[in-house]
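Reviewing the structure listed below.
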Amino acid sequence: GKNTVYIRKAPYLLDNMKMYAEITIPNGASIGMHSHEEDEEIITVLSGKGLLKTSEIEGIPFEKGDISLTKKGRYHSIENNEQEDLVLLAVINFLK
Numbered sequence: 033g034k035n036t037v038y039i040r041k042a043p044y045l046l047d048n049m050k051m052y053a054e055i056t057i058p059n060g061a062s063i064g065m066h067s068h069e070e071d072e073e074i075i076t077v078l079s080g081k082g083l084l085k086t087s088e089i090e091g092i093p094f095e096k097g098d099i100s101l102t103k104k105g106r107y108h109s110i111e112n113n114e115q116e117d118l119v120l121l122a123v124i125n126f127l128k
């Protein structure tokens, strides 16, 4: 990704949880394209706007209240192309 992204992790709530965190993506920063080979990720936008790219979609607006699910074997990236910080809640679970 580009520039600095801030991750504030919380304690795991479930046995199969890999990460539970608030992620802040400032203007001009991004989470680069990456795959989820052993897990799935659910992301909820808490505030701000950005651009979501997935295995299936080149890029769509991603804003407050939107939810994204990246299933095992798929990939995604998120970019903040707005002035306001993009704040996300990310939950990653290992698949059994």
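Basically my numbering = 1-based index in the sequence shown + 32. Idealized CB from N, CA, C, for every residue including glycine. Predicted model, so just to flag it, every value in this text is computed and none were measured.
Next on the checklist: At the level of alpha carbons, what is the spacing between Asp47 and Thr76?
Outcome noted: As a working mapping, residue 47 is identified with position 15 in the sequence shown. As a working mapping, residue 76 is identified with position 44 in the sequence shown. Taken atom to atom, the span from the alpha-carbon of Asp47 to that of Thr76 is near 21 Å.
Checklist entry - By Cβ distance below 8 Å, which residues in the same chain neighbour Leu129 in space, the five residues on each side in sequence not counted? => result Within the shown structure, residues of the chain are numbered from 33 to 128, placing residue 129 beyond reach of any answer.
Checklist entry - Between Asn112 and Ile57, which are expected to be in contact by the criterion C-beta below 8 Å, what is the C-beta distance as a whole number of angstroms? => result Numbered from its first residue, the sequence shown carries residue 112 at position 80. Numbered from its first residue, the sequence shown carries residue 57 at position 25. Asn112 to Ile57, Cβ: 4 Å. Contact.
Checklist entry - Can you name the residues that DSSP bridges to Leu127? => result As a working note, residue 127 is residue 95 in the sequence shown. Per DSSP, none; premise fails for Leu127.
Item to check | Per-residue DSSP class, three states only, for His96 | outcome: Start at 1 with the first residue of the sequence shown, and residue 96 comes out as number 64. This sequence places Lys at residue 96; His is not what is there. Lys96: coil per DSSP, three-state reduction.
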